[in-house]
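Peer 1:
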Amino acid sequence: MKTAIWLYFFLFVAFFDLHAQYPILTPFAISLGAAPSFIGLMMGMYSITHLPGNLIAGYGVDRFGSRLFIVFSLLGAGVILLFQAQVTNPWQLLVLRSISGFVLAFLSPACLALLARMTSDRTEQGKLMAGNGLVHTLATVISPAAGAYMVAKIGFTTAFYMLGWILIVTAICALFFIRDIPAEAAVPATPAGTLPHKLSAPAAADSKSVSWLIYVLPVGISCAQGILSFELPLMATTTAGMLTTGLLFSVVSLGALITLSMLFLNRFSAYRRTLWGALALALIYFSIAADSPLPFAVMLLLVGMAKGIVIPAISILLIELSGGARYGRTFSALSIAYSIGAFLGPMLAGQLRDYMSPYYIAFLVLMLAVSILPFHRRSPLVTRTHFSS
Numbered sequence: 009m010k011t012a013i014w015l016y017f018f019l020f021v022a023f024f025d026l027h028a029q030y031p032i033l034t035p036f037a038i039s040l041g042a043a044p045s046f047i048g049l050m051m052g053m054y055s056i057t058h059l060p061g062n063l064i065a066g067y068g069v070d071r072f073g074s075r076l077f078i079v080f081s082l083l084g085a086g087v088i089l090l091f092q093a094q095v096t097n098p099w100q101l102l103v104l105r106s107i108s109g110f111v112l113a114f115l116s117p118a119c120l121a122l123l124a125r126m127t128s129d130r131t132e133q134g135k136l137m138a139g140n141g142l143v144h145t146l147a148t149v150i151s152p153a154a155g156a157y158m159v160a161k162i163g164f165t166t167a168f169y170m171l172g173w174i175l176i177v178t179a180i181c182a183l184f185f186i187r188d189i190p191a192e193a194a195v196p197a198t199p200a201g202t203l204p205h206k207l208s209a210p211a212a213a214d215s216k217s218v219s220w221l222i223y224v225l226p227v228g229i230s231c232a233q234g235i236l237s238f239e240l241p242l243m244a245t246t247t248a249g250m251l252t253t254g255l256l257f258s259v260v261s262l263g264a265l266i267t268l269s270m271l272f273l274n275r276f277s278a279y280r281r282t283l284w285g286a287l288a289l290a291l292i293y294f295s296i297a298a299d300s301p302l303p304f305a306v307m308l309l310l311v312g313m314a315k316g317i318v319i320p321a322i323s324i325l326l327i328e329l330s331g332g333a334r335y336g337r338t339f340s341a342l343s344i345a346y347s348i349g350a351f352l353g354p355m356l357a358g359q360l361r362d363y364m365s366p367y368y369i370a371f372l373v374l375m376l377a378v379s380i381l382p383f384h385r386r387s388p389l390v391t392r393t394h395f396s397s
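Residue numbers for the sequence shown follow my numbering, so the first one is 9 and each next one is one higher.
1. For a test of the three-state rule: what should DSSP assign to V373, helix, strand or coil?
2. Would you give the residue range spanned by the alpha helix (DSSP H) that V95 belongs to?
3. Taking a contact to mean a Cβ-Cβ separation below 7 Å, would you say A118 touches S74 in this structure?
4. Alpha carbon to alpha carbon, how far is Q94 from S128? Give it in angstroms, no decimals.
5. Please work out which residues of its chain come closer than 6 Å, Cβ to Cβ, to F164, disregarding the five sequence neighbours upstream and downstream, and give them in chain order.
6. Could you tell me whether the region 56 to 67 touches the region 342 to 360, where touching means 3 or more Cβ pairs closer than 8 Å?
7. Please report the distance separating the alpha-carbon of T145 from that of R280.
8. So, does the region 44 to 58 touch the region 354 to 366, judging by three or more C-beta pairs under 8 Å?
9. Thinking just about the alpha-carbon of each residue, which of M170, G84 and V149 is nearest to the one in M158?
10. Taking the C-alpha atoms as reference points, what is the distance between F272 and I317?
11. Are the Cβ atoms of L225 and A124 separated by less than 7 Å?
12. Going by alpha carbons, who is nearest to T166 out of G141, P152 and F91?
13. Drop a sphere of 10 angstroms on the beta-carbon of G155, count the other beta-carbons inside from all chains shown, and report buried for 16 or more, exposed for fewer.
14. What first and last residue would you give for the alpha helix (DSSP H) that runs through D70?
15. Which stretch, first to last residue, makes up the alpha helix (DSSP H) that contains P303?
16. For P354 versus G52, is the C-beta distance shorter than 7 Å?
17. Along the chain, which unbroken stretches of the alpha helix (DSSP H) at least 4 residues long are found entirely within the region 85 to 158?
18. On the three-state DSSP scale, how would you describe D25?
19. Starting from the Cα of S81, find the closest Cα among V260, D70, T96 and H58 and give me that residue.
20. Give the range of the alpha helix (DSSP H) segment to which F36 is assigned.
21. Can you list, in chain order, the residues of its chain whose CB lies under 6 Å from that of F24, leaving out five sequence neighbours each side?
22. For the alpha helix (DSSP H) that contains P226, what are its first and last residues?
23. To the nearest angstrom, how far is it from the Cα of I32 to the Cα of L240?
24. Beta-carbon within less than 8 Å of I235's beta-carbon, same chain only, minus the 5 sequence neighbours each way: which residues are those?
25. I need the straight-line Cα distance from I180 to D362, nearest angstrom please.
26. Measuring straight from C-alpha to C-alpha, what distance separates F168 and Q29?
27. Can you name, in chain order, every residue of its own chain whose Cβ lies under 7 Å from the Cβ of A297, other than the five neighbours on each side?
28. How many angstroms separate the CA atom of V177 from the CA atom of L183?
29. L102 to L40, Cα distance in whole Å?
30. Check the C-beta distance from L381 over to L289 and give it rounded, since I have them as a contact under 8 Å.
31. For R337, count neighbouring C-beta atoms within 10 Å of its own C-beta (all shown protein chains included) and say buried if the count is 16 or more, exposed if not.
32. Hey, would you say S269 sits closer than 7 Å to G66, going by beta carbons?
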């Protein structure tokens, strides 16, 4: 439990630092002379360079543990921010953001795998994943507004220096306070021919195979989020606009915090929460694209509430379907799916925003993913379990 507390603390600092950049990167790129299409390319490259890091993390975390990957990711991201404070043209920023995407790709799989290994009890794993979502959301509620306020007071260069050094100090502390948990500790050893009492026979039989169809939904969710992250900062043309954008990002996180605090939702199956939460998210994006009479801030609050239901549920669903084995590879595949979606979102928004509302694209992608999700139960790649209903 001490390891979980330290991990939550470091995650809070890391997420605060990283999400503080959301409302300021686009205005910073514009100040360097970047066009909206180039900004979409930059955001897409940041996400696509996650892929090799995710692949390495998948095997590396299972073999070497999470601690060194967490430290490397935080330290590398901090050093890159120090260089980012000195860029003078958009291409330099593109290169640094691409490298940053690679080094940060290790952080999420390593943290999720470490949390999953802390216990073999499904209920406790659910609480740990909910705690991860809660810490993430708490950080992102205040960090976008804080980042925009910081730039308004001290400028881009000093803000990037400060954020970089925070990550470096956090990485050094993580090296001393985070302890790895062996993969074997997650599933108690049992005599041959028997099963751990926490693991059902179907789950144990399918401990190495999760249908790839499960990962279509994370692609859709991150694509929609990438579109939102691309569109909101374009509203900022002045310092006041940056502050407004930061507050809007915080509204999304506040919505997620509301549903994450509804602990009774954990009583429902992870599959149902994933399916219905994603459907609700798609309909909210459609309402935004259709110029719903509801205030834009209210719609963003609803987006956050839907995400607060879906994202933790996806992690629990994967834990259940993986059968308690190879968490590193399972969450690496999840991170790859998120990276692909985060690459597609800004790219599609940057290229198609003159022809249709990017929020309508988000709706279409999410509806496609929601339509495919139920077929994972019929896929030959995965044995149906009692968790899939």
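Quick reminder that beta carbons are idealized off the backbone N, C-alpha and C, glycines included. Predicted, not measured: the structure shown is a model, and the values here were computed from it.
Peer 2: By the coordinates alone:
1. Here the question's residue 373 lines up with position 365 in the sequence shown. V373: helix per DSSP, three-state reduction.
2. Here residue 95 refers to the residue found at position 87 of the sequence shown. Premise fails: V95 is in no alpha helix (DSSP H) and is neither H nor E.
3. Here residue 118 is taken as the residue at index 110 of the sequence shown, counted from 1. Here residue 74 is taken as the residue at index 66 of the sequence shown, counted from 1. Closer than 7 Å, so yes.
4. Here residue 128 refers to the residue found at position 120 of the sequence shown. Here residue 94 refers to the residue found at position 86 of the sequence shown. Cα-Cα distance, rounded: 47 Å.
5. Along the sequence shown, one-based indexing puts residue 164 at 156. Around F164: F36.
6. yes
7. Counting from 1 along the sequence shown, the entry for residue 145 is found at position 137. Counting from 1 along the sequence shown, the entry for residue 280 is found at position 272. Those two C-alpha atoms are separated by around 22 Å.
8. yes
9. The residue given as residue 158 occupies position 150 in the sequence shown. Cα-wise, what sits closest to M158 is M170.
10. If you number the sequence shown from 1, residue 272 lands on position 264. If you number the sequence shown from 1, residue 317 lands on position 309. CA-to-CA, the gap between F272 and I317 works out to about 11 Å.
11. If you number the sequence shown from 1, residue 225 lands on position 217. If you number the sequence shown from 1, residue 124 lands on position 116. No.
12. Here residue 166 refers to the residue found at position 158 when the sequence shown is read from its first residue. With distances taken between Cα atoms, T166 lies closest to F91.
13. For the purposes of this step, residue 155 is identified with residue 147 of the sequence shown, where counting begins at 1. So G155 counts as buried.
14. As a working note, residue 70 is residue 62 in the sequence shown. H58 to F72 is the extent of the alpha helix (DSSP H) around D70.
15. As a working note, residue 303 is residue 295 in the sequence shown. Taken as a continuous stretch (DSSP letters only), P303 belongs to no alpha helix (DSSP H), as it is neither H nor E.
16. For the purposes of this step, residue 354 is identified with residue 346 of the sequence shown, where counting begins at 1. For the purposes of this step, residue 52 is identified with residue 44 of the sequence shown, where counting begins at 1. Yes. Within cutoff.
17. If we require 4 residues or more, the alpha helix (DSSP H) runs fully inside the region 85 to 158 come out as 98 to 112 and 115 to 124.
18. Your numbering for residue 25 matches position 17 in the sequence shown. In this structure, D25 counts as helix in the three-state DSSP scheme.
19. Position 73 of the sequence shown, counted from the start, is the residue given in the question as residue 81. Taking only the C-alpha atoms, the option nearest S81 is H58.
20. The residue you call residue 36 lines up with position 28 of the sequence shown. First-last of the alpha helix (DSSP H) with F36: Y30 to S39.
21. Locating residue 24 in the sequence shown gives position 16, counting from the first residue. Same-chain partners within the cutoff: A147 and S151.
22. Working through the sequence shown from its first residue, we reach residue 226 at position 218. Under the DSSP assignment, P226 falls in the alpha helix (DSSP H) whose first and last residues are V224 to E239.
23. Counting from one through the sequence shown, the residue named residue 32 turns up at place 24. Counting from one through the sequence shown, the residue named residue 240 turns up at place 232. For I32 and L240, the distance between alpha carbons rounds to 11 Å.
24. Position 227 of the sequence shown, counted from the start, is the residue given in the question as residue 235. So the qualifying residues of the chain are G353, P354, L356, A357, P366, Y367, I369 and A370.
25. Residue 180 sits at position 172 when you count from the first residue of the sequence shown. Residue 362 sits at position 354 when you count from the first residue of the sequence shown. So the alpha carbons of these two residues sit roughly 46 Å apart.
26. Along the sequence shown, read from residue 1 onward, the residue named residue 168 stands at position 160. Along the sequence shown, read from residue 1 onward, the residue named residue 29 stands at position 21. Cα-Cα distance, rounded: 8 Å.
27. Translated into the one-based positions of the sequence shown, residue 297 becomes position 289. Result list for A297: S365, Y367, Y368 and F371, in chain order.
28. In the sequence shown, the residue the question calls residue 177 occupies position 169. In the sequence shown, the residue the question calls residue 183 occupies position 175. If you take the alpha carbons of V177 and L183, they lie about 10 Å apart.
29. By 1-based counting over the sequence shown, the position of residue 102 is 94. By 1-based counting over the sequence shown, the position of residue 40 is 32. C-alpha separation (whole angstroms): 11 Å.
30. As a first step, residue 381 is located in the sequence shown; it is residue number 373 there, counting from the start. As a first step, residue 289 is located in the sequence shown; it is residue number 281 there, counting from the start. In fact, because the Cβ distance is near 13 Å, the residues do not count as touching under 8 Å.
31. Taking the first residue of the sequence shown as position 1, residue 337 is located at position 329. R337 should be labelled buried.
32. One-based indexing of the sequence shown puts residue 269 at position 261. One-based indexing of the sequence shown puts residue 66 at position 58. The answer is no: Cβ separation not under 7 Å.
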